[in-house]
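The structure appears right after this line, and notes come after that.
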Amino acid sequence: MKKTLMIVVGVVAILLLSGTAVGYAMMKKEVTISFSDKEKKIRTSVLNGTLSDALENEGYDAAKLKKQYQPSKKWDSPIEKDDTNIQLACNCSVNLKVGSKKNEGLQTTQPTVGKLLKEQKVDLDNNDQMNAALDQKITNDLAIVIDKIEKRVQKKVEAVSFDVKKKKDEDIPKGEKKVTKKGKKGKSIYQVTAIYKNGKAMVTDKKLVDKVNPVTELVTVGSGDQTADNGAGGGEVASGSRIAGLKYERSMAAETTGYTASGNRTATGTVPHRGTVAVDPDVIPLGTKLYIPGYGKAVAEDTGGAVNGNIIDLFFSSEKEAIQWGRRNVKAYILK
Numbered sequence: 001m002k003k004t005l006m007i008v009v010g011v012v013a014i015l016l017l018s019g020t021a022v023g024y025a026m027m028k029k030e031v032t033i034s035f036s037d038k039e040k041k042i043r044t045s046v047l048n049g050t051l052s053d054a055l056e057n058e059g060y061d062a063a064k065l066k067k068q069y070q071p072s073k074k075w076d077s078p079i080e081k082d083d084t085n086i087q088l089a090c091n092c093s094v095n096l097k098v099g100s101k102k103n104e105g106l107q108t109t110q111p112t113v114g115k116l117l118k119e120q121k122v123d124l125d126n127n128d129q130m131n132a133a134l135d136q137k138i139t140n141d142l143a144i145v146i147d148k149i150e151k152r153v154q155k156k157v158e159a160v161s162f163d164v165k166k167k168k169d170e171d172i173p174k175g176e177k178k179v180t181k182k183g184k185k186g187k188s189i190y191q192v193t194a195i196y197k198n199g200k201a202m203v204t205d206k207k208l209v210d211k212v213n214p215v216t217e218l219v220t221v222g223s224g225d226q227t228a229d230n231g232a233g234g235g236e237v238a239s240g241s242r243i244a245g246l247k248y249e250r251s252m253a254a255e256t257t258g259y260t261a262s263g264n265r266t267a268t269g270t271v272p273h274r275g276t277v278a279v280d281p282d283v284i285p286l287g288t289k290l291y292i293p294g295y296g297k298a299v300a301e302d303t304g305g306a307v308n309g310n311i312i313d314l315f316f317s318s319e320k321e322a323i324q325w326g327r328r329n330v331k332a333y334i335l336k
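At position 321 of the sequence shown the residue is numbered 321 (UniProt numbering), and the sequence of numbers has no breaks.
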């Protein structure tokens with residue numbers, strides 16, 4: 001009887017101890033702790049402990065971690081049954097460069113590069129280049145560089161000069177010339193594609209897409225008898241010489257321009273009309289009759305502030321004619 005009692009007591013003791021162990025095990029809470037900047041995870045069990053306790057149990061310095069991480073659960077709050085996963089977000093310092101703009105020492109708790117860019121409102125274009133992946137983890141002192149790549153396409157028009165074809169004519173005095181067909185510039189149209197990196201051109205491609213050919217200018221050049229030069233006044237003198245059926249006493253190189261009515265009378269008091277020209281009286285006295293190839297007979301009746309030396313300003317009845325004349329170097333003839 002005594003032996004049977006001892007066996008019963010032993011069995012009861014074993015059952016009590018087993019129950020206590022099971023109860024203890026059931027009271028412990030399994031928890032997984034993840035770091036935003038590390039792949040490693042901590043899996044541990046806690047009995048009525050806090051996040052700090054759980055980390056300390058695994059050999060971590062909780063005080064040090066508190067300075068670097070922001071937890072999804074308060075450090076010193078008890079771990080509850082539902083706290084199966086706790087996140088530690090790194091309070092990291094990041095250097096971010098977008099194009100030419102730098103943001104150094106940027107503090108963030110975002111876990112990935114993509115979420116950091118979203119936080120900073122940085123939009124990536126399809127052509128942009130970045131040294132990190134969007135799902136890359138944010139770590140302390142991470143340097144993120146984004147190069148802004150831009151493609152610009154524009155048209156460029158370049159003028160093409162025209163050729164001048166000359167033909168000799170014995171009926172025109174040597175030294176004179178006449179434009180029988182006015183030349184016209186052509187143009188080449190290019191498509192220019194430029195690749196810019198952070199605002200600086202890196203690659204430029206130029207492609208011809210269209211072309212307008214120039215029009216050749218035809219000029220008749222006089223090859224008739226050349227007048228003799230006696231060196232008087234720097235001009236040419238030839239007794240009995242004629243130009244367009246008119247006798248002249250000398251010729252001179254002149255730079256001619258065109259002008260039109262300003263509403264004022266000339267320096268000699270006349271109303272300007274075709275055939276009126278402005279001269280420098282020290283070179284060509286007022287009242288001198290002239291012949292200007294391409295313009296015709298003229299009389300020196302006016303002066304001008306910009307008319308100096310061998311410049312002769314020719315009057316035209318319309319602005320269009322004056323513009324068409326432009327600026328020409330000709331040989332002017334002083335008539336007898």
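Even for Gly, the Cβ is constructed at its ideal location relative to N, Cα and C.
Source: prediction; values computed, not measured.
Are the beta-carbon atoms of residue i and residue j separated by less than 8 Å?
| i | j | result |
| --- | --- | --- |
| leucine 286 | threonine 257 | no |
| valine 153 | glutamine 191 | yes |
| aspartate 76 | serine 52 | yes |
| glycine 183 | valine 221 | no |
| glutamate 176 | proline 293 | yes |
| threonine 32 | threonine 84 | yes |
| glutamine 70 | threonine 44 | no |
| asparagine 127 | isoleucine 144 | no |
Does DSSP classify residue i as helix, strand or coil?
| i | result |
| --- | --- |
| leucine 55 | helix |
| isoleucine 172 | coil |
| isoleucine 86 | strand |
| lysine 137 | strand |
| residue 398 | As shown, the chain starts at 1 and ends at 336. That puts residue 398 outside it, with no answer to give. |
| leucine 314 | strand |
| lysine 118 | helix |
| alanine 278 | strand |
| glutamate 321 | helix |
| lysine 67 | helix |
| arginine 328 | strand |
| alanine 62 | helix |
| threonine 44 | strand |
Note down, in chain order, each residue of its chain lying with its Cβ closer than 7 Å to the Cβ of residue i, except the 5 sequence neighbours on either side.
| i | result |
| --- | --- |
| glutamine 107 | Asn91 and Ser93 |
| lysine 166 | Val219 and Val221 |
| alanine 332 | Ser251, Met252, Ala254, Leu290, Ile292 and Ile312 |
Excluding the 5 residues flanking residue i on each side, which residues of the same chain have their C-beta closer than 6 Å to its C-beta?
| i | result |
| --- | --- |
| glycine 105 | Ser93 |
| asparagine 103 | Leu96 |
| arginine 328 | Thr256 |
| serine 34 | Lys41 and Gln87 |
| serine 100 | Asn198 |
| lysine 336 | Lys247 and Glu249 |
Could you check how far apart the C-beta atoms of residue i and residue j are, in whole angstroms? I think they sit under 8 Å.
| i | j | result |
| --- | --- | --- |
| residue 342 | aspartate 147 | Because residue 342 is not part of the residues shown, which for the chain are 1 to 336, the question remains open. |
Looking at C-alpha atoms only, which residue of the options is the closest neighbour of residue i?
| i | options | result |
| --- | --- | --- |
| isoleucine 138 | Ile149, Leu116, Pro281 and Glu150 | Leu116 |
| glutamine 68 | Gly263, Ala244 and Asn140 | Asn140 |
| glycine 309 | Phe315, Pro281, Asn126 and Val46 | Pro281 |
| valine 179 | Tyr295, Val283 and Glu39 | Tyr295 |
| valine 299 | Val279, Ser317 and Gly305 | Val279 |
| lysine 81 | Lys74, Val46 and Gly59 | Val46 |
Taking 8 Å as the limit between beta carbons, can you name the residues of its chain near residue i, skipping five residues before and five after?
| i | result |
| --- | --- |
| glutamate 321 | Gly258 and Thr260 |
| proline 78 | Asn48, Gly49 and Thr50 |
| glutamine 226 | Bear in mind that a pLDDT of 46 at glutamine 226, under 50, signals an unreliable position, so the number given afterwards is only what the model happens to contain. Counting only Cβ-Cβ distances below 8 Å, and skipping sequence neighbours, we find Pro173, Lys174 and Gly175. |
| isoleucine 334 | Gly235, Tyr248, Glu249, Arg250, Ser251, Met252, Ile284, Thr288, Lys289 and Leu290 |
| lysine 155 | Ile189, Tyr190, Gln191, Val192 and Val209 |
| glycine 326 | Thr257 and Gly258 |
| isoleucine 323 | Gly258 |
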